[in-house]
Amino acid sequence: MKKILSLLCTICLLTACSDKVETTSADIALGKVVISLSGISDSKAGFEVQLRNTQTNSVFIEKTDAEGTATFSVTPGIYEATATKKELTGHNVYYIYNGTSGQIAVRKDVSTPVSMEMRKARTSQVVIKELYNGGCMKDDGVTFFQYDKSFILYNNGDQAVSLSNLCMGFCAPANAHATNRNYTDDGKLTYEAEGFIPCWNGVWYFPNTLTIEPYSQVVVNICGAIDNTQTVSASVNYANADYYCMYDPESGYYNTNYYPTPSALIPSSHYLKAVIMGLGNGWPFSMSSPAFVVFQTPEGTNPREYCTNSENLWYSGGDVKQVNACAKVPNEWIVDAMEVFSSDYKEGSLKRLTADIDAGYVWLTNRHGHTLYRNVDQQATEALEENAGKLVYNYQLGVDDSTDPSGIDAEASLKNGAHIIYQDTNNSTNDFHERQTCSLKE
Numbered sequence: 000m001k002k003i004l005s006l007l008c009t010i011c012l013l014t015a016c017s018d019k020v021e022t023t024s025a026d027i028a029l030g031k032v033v034i035s036l037s038g039i040s041d042s043k044a045g046f047e048v049q050l051r052n053t054q055t056n057s058v059f060i061e062k063t064d065a066e067g068t069a070t071f072s073v074t075p076g077i078y079e080a081t082a083t084k085k086e087l088t089g090h091n092v093y094y095i096y097n098g099t100s101g102q103i104a105v106r107k108d109v110s111t112p113v114s115m116e117m118r119k120a121r122t123s124q125v126v127i128k129e130l131y132n133g134g135c136m137k138d139d140g141v142t143f144f145q146y147d148k149s150f151i152l153y154n155n156g157d158q159a160v161s162l163s164n165l166c167m168g169f170c171a172p173a174n175a176h177a178t179n180r181n182y183t184d185d186g187k188l189t190y191e192a193e194g195f196i197p198c199w200n201g202v203w204y205f206p207n208t209l210t211i212e213p214y215s216q217v218v219v220n221i222c223g224a225i226d227n228t229q230t231v232s233a234s235v236n237y238a239n240a241d242y243y244c245m246y247d248p249e250s251g252y253y254n255t256n257y258y259p260t261p262s263a264l265i266p267s268s269h270y271l272k273a274v275i276m277g278l279g280n281g282w283p284f285s286m287s288s289p290a291f292v293v294f295q296t297p298e299g300t301n302p303r304e305y306c307t308n309s310e311n312l313w314y315s316g317g318d319v320k321q322v323n324a325c326a327k328v329p330n331e332w333i334v335d336a337m338e339v340f341s342s343d344y345k346e347g348s349l350k351r352l353t354a355d356i357d358a359g360y361v362w363l364t365n366r367h368g369h370t371l372y373r374n375v376d377q378q379a380t381e382a383l384e385e386n387a388g389k390l391v392y393n394y395q396l397g398v399d400d401s402t403d404p405s406g407i408d409a410e411a412s413l414k415n416g417a418h419i420i421y422q423d424t425n426n427s428t429n430d431f432h433e434r435q436t437c438s439l440k441e
């Protein structure tokens, strides 16, 4: 009798478990997204396509088949998709295919077709190695300090490079989570088909030719070109004769909170110039989520003359007011760019850079002294014969899940005499990670 009761209980339990599984499965209502890539001249297979739910930040990855198609089954919601592939064409010369598509509405039991045009671009020898823009906490541990921003440019090749008319700007709107009226109803940026990036408010530029030696860097202070550690210990010391700084009060950017008189160690020949298209007395570079652009005007095209010519202006959101004024920067002028999203606004952030310029984005937690640092190209760096015995591994300075997948500690390796080649796929999701501290503090 006991055996019979035990058997009956087992059957009941199995039945209950089976019913539970069936109920759970029935409750999952999915929609299908079929993404087809276009604009590719060679093989369409093997492109990695990422689909991100803009509400939950969940990311799904599939690779394209021979027809250039990737299929996803996901829960209903609003999604954005990106795709990328790197193509080696010669010694240290790469072309990148990138594509993006936003505002993809997925509905239950509905198949949503998406056509994504891929854009091909050549990578530059000069890259943004690091961006420090989020500020840090003051010594009281309560308030924060934001007037100590900077970035580092790096020569990612084995030949010296000289750049004239090198400029810096950022795309509108200033913050990725701000209301963005530069999208069409089908989820495309209004300027995407026109081949330019709108740089808002003002542009900074080097008045003289900048030369960067192989595997070397140039530090550029955005604001606070002094030893900030004298008042905020967690900040950065920019009192260095090798550094450059944005300092041009005569331009109209004269706010002394942004631009105290630079350290006497920085020569005046290292002061950058500015041209203002919009309003304000300080360059409003975001401390949370900028879309940062480095570009070079062609020979014979003066940055100031270009940005003050009304024919080269564009107005964010379509409202023709000076506060919305942007300079139209042709895509072919862009040396490098990166898109940053704020970790505080993981819902609702939208891209401002087009796919051929930057197909992704990197998250930043600001106010903690964190920086955004470019990942090492492990294969290319390890292939350099001169790096034998000089590379340092077991990198530990990432933030949470954001880290350099190569495992190489670039700064420690550089100090050890190694030459670093950084990854450059024109996709900030792949190319950058959030770092605990700015490398200039080490």
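Under numbering that gives the first Met the number 0, read the sequence shown as residues 0 to 441, first letter to last. We treat Cβ as the ideally placed atom computed from N, Cα and C, and that holds for glycine. Everything numeric in this text was worked out from a predicted model, so none of it was measured.
Residues near residue i in its chain [Cβ-Cβ closer than 6 Å; skip 5 each side]
| i | result |
| --- | --- |
| Asp399 | none |
| Ala273 | Gly201, Trp203, Asp247, Ser250, Tyr252 |
| Ile151 | Lys128, Glu129, Gln216, Val218 |
| Glu346 | Gln54 |
| Pro497 | Residue 497 falls outside the range modelled here, since the chain spans only 0 to 441, and no answer is possible. |
| Tyr96 | Lys84, Met117, Lys119 |
| Thr70 | Val33 |
| Val482 | Coverage of the chain is limited to positions 0 through 441, which leaves residue 482 absent and any answer about it impossible. |
In DSSP terms, what residue i is bridged to
| i | result |
| --- | --- |
| Ile225 | BP columns for Ile225 are empty, so no partner. |
| Arg373 | Phe431 |
| Gln49 | Ile60, Thr81 |
| Trp362 | Phe340 |
| Asp335 | Val293 |
| Tyr182 | Leu188 |
| Leu29 | In the DSSP output, where bridge partners are listed per residue, Leu29 has none listed. |
Exposure label - residue i; buried when at least 16 CB within 10 Å
| i | result |
| --- | --- |
| Glu331 | exposed |
| Thr447 | Nothing about residue 447 can be reported from this structure: the residues present for the chain run from 0 to 441 only. |
| Tyr421 | buried |
| Glu338 | buried |
| Gly101 | buried |
| Ile60 | exposed |
| Phe431 | buried |
| Pro197 | buried |
| Asp423 | buried |
| Asp147 | buried |
| Glu433 | buried |
| Pro266 | exposed |
| Thr453 | Only positions 0 to 441 of the chain appear in this structure, which leaves residue 453 out of reach. |
| Ala28 | exposed |
| Thr260 | exposed |
| Ala233 | buried |
Where the beta strand (DSSP E) through residue i begins and ends
| i | result |
| --- | --- |
| Leu165 | 165-169 |
| Arg434 | 431-434 |
| Ala409 | Premise fails: Ala409 lies in the alpha helix (DSSP H), 409-414, not in any beta strand (DSSP E). |
| Pro329 | 324-329 |
| Glu116 | 110-116 |
| Glu191 | Neither: Glu191 is in no beta strand (DSSP E) and is coded neither H nor E. |
| Val292 | 290-295 |
| Leu152 | 149-154 |
| Glu129 | 125-131 |
| Lys272 | 270-275 |
| Trp313 | 312-314 |
| Leu278 | It is not in any beta strand (DSSP E) - Leu278 carries neither H nor E in the DSSP assignment. |
| Cys244 | 243-245 |
| Tyr421 | Looking at the DSSP string, Tyr421 is not in any beta strand (DSSP E), and its letter there is neither H nor E. |
7 Å Cβ cutoff met for residue i and residue j
| i | j | result |
| --- | --- | --- |
| Ile356 | Ala379 | no |
| Asn386 | Ala358 | no |
| Asn174 | Ser288 | yes |
| Arg118 | Ala354 | yes |
| Gln295 | Leu209 | no |
| Ala238 | Leu264 | yes |
| Cys306 | Ala171 | no |
| Pro213 | Asn154 | yes |
| Met167 | Val293 | yes |
| Asn132 | Leu349 | no |
| Tyr314 | Phe340 | no |
| Phe143 | Arg366 | yes |
| Leu278 | Val322 | yes |
| Phe169 | Ala290 | yes |
| Ser262 | Ile211 | no |
| Val235 | Leu439 | yes |
| Asn442 | Asn280 | Residue 442 lies beyond the residue range present for the chain, which begins at 0 and ends at 441; the question has no answer from this structure. |
Start and end residues, alpha helix (DSSP H) containing residue i
| i | result |
| --- | --- |
| Pro75 | Unbroken run through Pro75: none, as it is neither H nor E. |
| Tyr305 | 302-307 |
Contacts around residue i, its chain only, beta-carbon distance under 7 Å, and the 5 residues preceding and following it disregarded
| i | result |
| --- | --- |
| Tyr394 | Thr402, Asp403, Gly406, Ile407, Asp408 |
| Gln145 | Gly134, Met286 |
| Ala44 | Thr63, Asp64, Ala65 |
| Ser114 | Ser35, Ser37 |
| Ile419 | Tyr214, Val375, Thr380, Ala409, Ser412, Leu413 |
Same chain only: Cβ atoms within 8 Å of residue i, ignoring 5 sequence neighbours per side
| i | result |
| --- | --- |
| Leu188 | Asn181, Tyr182, Lys350, Arg351, Thr353 |
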